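Enquirer: Okay, so the sequence shown: first residue is 121 according to this note's numbering, each after it adds one. For glycine and all other residues, C-beta sits at the position ideal for the given N, C-alpha and C. Quick caveat: nothing in here was measured; it's all calculated off a predicted structure.
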Amino acid sequence: KGGYEHFMMKEIYEQPRAVRDTVNAVLKNGRIDLSDAGLDEKTIRSIGRIYIVACGSAYHAGVAMQYVMEELARIPVRVELASEFRYRNPILDPEGLVVIVSQSGETADSLAALREAKQRGIRTLGIVNVVGSSIAREADNVFYTLAGPEISVATTKAYSTQLIASYALAVQFGKVREQITEEKYQELIAELKTLPDKIAKIIEDDKERIQWFAAKQANARDAFFIGRGIDYAISMEGSLKMKEISYIHSEAYAAGELKHGTISLIEDGILVVSVLTQKELYEKMISNMVEVKCRGAYLVAVTMAGNYKVEDTVNFALYIPETEECFTPSLA
């Protein structure tokens with residue numbers, strides 16, 4: 121365990137290294153090179169639609185990937201739970217790309233979805249962490265996330281590297297399909313390189329405040345994670361982590377949906393974690409946060425450094441370093 125109390129703590133601290141290795145694996149001479157994953161420029165131009173299929177945390181990485189890919193590459197993306205995809209006789213575009221995301225490369229539903237896509241003659245790409253795994257062997261092409269062995273049941277570093285794979289694909293698709301300029305492309309690549317150090321800074325700087333907060337909230341029985349846009353993707357993963365690590369009941373909601381019934385569950389002392397990293401959605405999120413605060417919620421914000429006015433609304437705030445808005449999931 122490398123001196124750590126348990127494997128999960130060790131793997132949380134290994135995230136900067138895993139992210140750095142995965143970024144470096146796709147950068148050649150200052151540009152993203154996806155040829156090892158079978159995605160040369162001609163292939164990227166020929167893809168008409170992307171289907172991301174996964175389970176659990178990998179599915180949440182897929183939800184983030186949908187936002188980033190549609191934003192940067194302007195290509196239609198659909199994210200599917202593997203267990204649903206395989207049983208609903210999906211209609212697939214012959215020019216489509218089915219991306220199967222899995223840490224182990226052995227996830228049964230994801231493997232079955234891959235076989236379904238192959239049977240229909242659709243190009244497949246596996247984003248996997250284990251070399252030689254079933255999905256890696258059977259997919260047409262593979263993008264390896266270089267997280268190294270993950271012993272803990274709840275994924276940390278593999279999820280973080282799946283996000284990096286998403287960014288690399290989106291940035292390269294955006295450049296090749298002429299949706300982003302050369303200048304923007306270089307900016308995004310430069311920002312990708314800074315993520316490992318920013319992740320390391322968050323883990324180091326915030327650990328004592330998070331420890332204090334966790335001790336204060338350890339008796340919580342219910343938690344809600346809310347966000348809009350890509351922050352909703354992160355809320356889904358945060359909520360799953362809360363459930364699987366602490367056995368506390370937790371829900372993730374797109375913040376605007378709360379008012380459609382669920383807000384009736386928010387009462388005195390209920391923990392609500394609000395993720396707000398997107399400038400355009402900031403004011404809308406504040407308005408949703410005020411709604412839950414009025415109902416007595418204990419409100420936590422995860423937001424960008426500089427948004428210190430948020431403390432007028434919340435009980436506790438955590439700040440992440442400035443980064444490109446598409447890359448905030450890695451820090452949030």
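For L419, collect the residues of the same chain with a Cβ closer than 8 Å to its Cβ; drop the 5 residues on either side in sequence, then sort them by chain order.
Expert: So the list reads V392, S394, M409, V412, K413, T433, V434, N435 and F436, once near-sequence residues are dropped.
Enquirer: Enumerate, from N- to C-terminal direction, the unbroken alpha helix (DSSP H) stretches of 4 or more residues contained entirely within the segment 388-419.
Expert: Correct list: 402-414.
Enquirer: Starting from Y279 and walking both ways along the beta strand (DSSP E), at which residues does that stretch end?
Expert: Careful: Y279 lies outside any beta strand (DSSP E), inside the alpha helix (DSSP H) at K277 to V296.
Enquirer: Which first and last residues belong to the beta strand (DSSP E) in which V218 is found?
Expert: Its beta strand (DSSP E) spans residues G216 to S222.
Enquirer: By the DSSP assignment, the beta strand (DSSP E) with F436 in it spans what residues?
Expert: Element bounds for F436: F436 to I440.
Enquirer: To the nearest whole angstrom, what separates the beta carbons of R348 and A375, a pair I think is in contact under 8 Å?
Expert: Their Cβ separation, rounded to whole angstroms, is 5 Å, which keeps R348 and A375 in contact under 8 Å.
Enquirer: Could you give the distance in angstroms between the alpha-carbon of R235 and the alpha-carbon of F205?
Expert: Taking the straight line from one Cα to the other gives about 11 Å.
Enquirer: Could you please give me the residues that DSSP links to F344 through a beta bridge?
Expert: Note: F344 sits in a beta bridge opposite E371 and V392.
Enquirer: What is the rounded straight-line gap between the Cα of Y402 and the Cα of C446?
Expert: In a straight line, the C-alpha of Y402 is about 15 Å away from that of C446.
Enquirer: Are R194 and V296 closer than 8 Å when you measure CB to CB?
Expert: Not a contact, by the Cβ cut-off of 8 Å.
Enquirer: Take A232 as the anchor and find which of S177, A202 and I322 has the nearest alpha-carbon.
Expert: When only C-alpha atoms are compared, the closest one is A202.
Enquirer: According to the neighbour-count rule (16 or more other Cβ atoms, all chains shown, within 10 Å of its Cβ), is T316 buried or exposed?
Expert: It is Pro, not Thr, that sits at residue 316 in the sequence shown. P316 comes out buried.
Enquirer: Just to confirm the assignment, what range does the beta strand (DSSP E) spanning I170 have?
Expert: Where I170 is concerned, the enclosing beta strand (DSSP E) stretches over R169 to A174.
Enquirer: Can a CB atom of chain C be found closer than 8 Å to the CB of L391?
Expert: Looking at the structure shown, chain C is missing, and only one protein chain is on hand.
Enquirer: Rounded to a whole number of angstroms, what is the C-alpha to C-alpha distance between G123 and Y133?
Expert: About 12 Å.
Enquirer: Can you check whether the CB of H180 is closer than 8 Å to the CB of E357?
Expert: Yes, they are a contact pair.
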